[in-house]
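For reference, the structure is listed below as structure tokens.
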Amino acid sequence: MPSARLLGLFAALLPMAAPAQEVQYARVIFGADTVVAEVASTPEQRERGLMFREELPDGTGMLFVFEEAEIRGFWMRNTLIDLDIAMFDEDRVMIDLHQREAEDREVWDSSAPFAYALEVRRGWFEERGIGLGDVAEILFDDPPQPAPDSTRTSASMSPSSL
């Protein structure tokens, strides 16, 4: 049976636990095609990314949002789904597109600075003829507040670079 002292310590630490973050969504539109994406705008959300998800329904994804365009790195640790990862500059022009396999632990950097990254099921962009130079319209349900100091991402972002 736990001591009163131990229970008191546990009770004192409970308020320090991080509250659950409300999920924000955005619609990322390419002409007639739309992705409904969860928004990852904090370091914690970006680090977790799509880790441990077993499926990603067609037309859904995750949108990583950053305050400034920078070269950043991604990896696929604990990501169970093959993904397309598209990077967009501040004008929302697609500047990079990668097809990545689940569980690939290699960290790879974008070829140019980006402010947004969109992860969708692998093959989604190719099936729709969407590629480099295409412009995305991004409509946020609630404007996210990107956190500063983030240079690595995952299909999740590498924690050492947040």
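Counting in the working numbering, the sequence shown runs from 17 upward without gaps. A virtual CB, placed ideally from N, CA and C, is assigned to each residue, including glycine.
Quick one: grab the DSSP three-state call for Arg64.
Residue 64 sits at position 48 when you count from the first residue of the sequence shown. Here Arg64 sits in helix by DSSP.
Would you list the residues sitting across from Met92 in a DSSP beta bridge?
Counted from its first residue, the sequence shown places residue 92 at position 76. Beta-bridge partners of Met92 (DSSP): none assigned.
Which listed residue (Trp91, Arg121 and Thr76) has its alpha carbon closest to that of Val136
The residue given as residue 136 occupies position 120 in the sequence shown. Nearest to Val136 by C-alpha distance, out of Trp91, Arg121 and Thr76, is Thr76.
Starting from the C-beta of Asp98, find all residues in its chain whose C-beta is less than 6 Å away, skip the five residues before and the five after it, and write them out in chain order.
What you label residue 98 is simply residue 82 of the sequence shown in a count that begins at 1. Around Asp98: Glu117, Ala118 and Arg138.
Ala128 and Ile87: beta carbons closer than 9 Å?
Position 112 of the sequence shown, counted from the start, is the residue given in the question as residue 128. Position 71 of the sequence shown, counted from the start, is the residue given in the question as residue 87. Contact: yes.
Burial state of Arg62 (16 or more Cβ within 10 Å):
Your numbering for residue 62 matches position 46 in the sequence shown. Arg62 is buried by the Cβ-count criterion.
Pairwise C-alpha distance: Gly89 and Asp112:
One-based indexing of the sequence shown puts residue 112 at position 96. One-based indexing of the sequence shown puts residue 89 at position 73. Each residue's Cα considered, the two are about 12 Å apart.
N-terminal and C-terminal residue of the beta strand (DSSP E) that Glu9 is part of:
Residue 9 is absent from the model: the chain starts at 17 and stops at 178.
Leu72, buried or exposed, once every other Cβ within 10 Å from all chains shown has been counted against 16:
Taking the first residue of the sequence shown as 1, we reach residue 72 at position 56. Classified as buried, Leu72 has 16 or more neighbouring CB atoms from the shown chains inside 10 Å of its CB.
The ligand SAH heavy atom lying under 8 Å from the CB of Leu79
No copy of the ligand SAH appears in this structure; indeed no ligand is present at all.
Straight-line Cα distance separating Glu143 from Glu84
For the purposes of this step, residue 84 is taken as residue 68 along the sequence shown, with counting starting at 1. For the purposes of this step, residue 143 is taken as residue 127 along the sequence shown, with counting starting at 1. About 30 Å.
If I'm right that Val52 touches Tyr132 with Cβ under 8 Å, what's the distance once you round it to whole angstroms?
Working through the sequence shown from its first residue, we reach residue 52 at position 36. Working through the sequence shown from its first residue, we reach residue 132 at position 116. By a beta-carbon distance limit of 8 Å, Val52 does not contact Tyr132. Their separation comes to about 15 Å.
Buried or exposed: Ala48, going by 16 or more other Cβ atoms within 10 Å of its Cβ?
The residue labelled residue 48 in the question sits at position 32 within the sequence shown. Its Cβ having fewer than 16 others within 10 Å, Ala48 is exposed.
Please say whether Arg43 and Leu155 have beta carbons closer to each other than 9 Å?
By 1-based counting over the sequence shown, the position of residue 155 is 139. By 1-based counting over the sequence shown, the position of residue 43 is 27. Yes.
Nearest neighbour of Glu106, chosen from Ala152, Ile146 and Glu38 [CA to CA]:
Taking the sequence shown and counting its residues from 1, the one referred to as residue 106 is at position 90. Sorting Ala152, Ile146 and Glu38 by C-alpha distance to the C-alpha of Glu106 places Ala152 at the top.
Is the distance from the Cβ of Met92 to the Cβ of Ala56 below 9 Å?
Here the question's residue 92 lines up with position 76 in the sequence shown. Here the question's residue 56 lines up with position 40 in the sequence shown. Not in contact: Met92 and Ala56 (Cβ atoms no closer than 9 Å).
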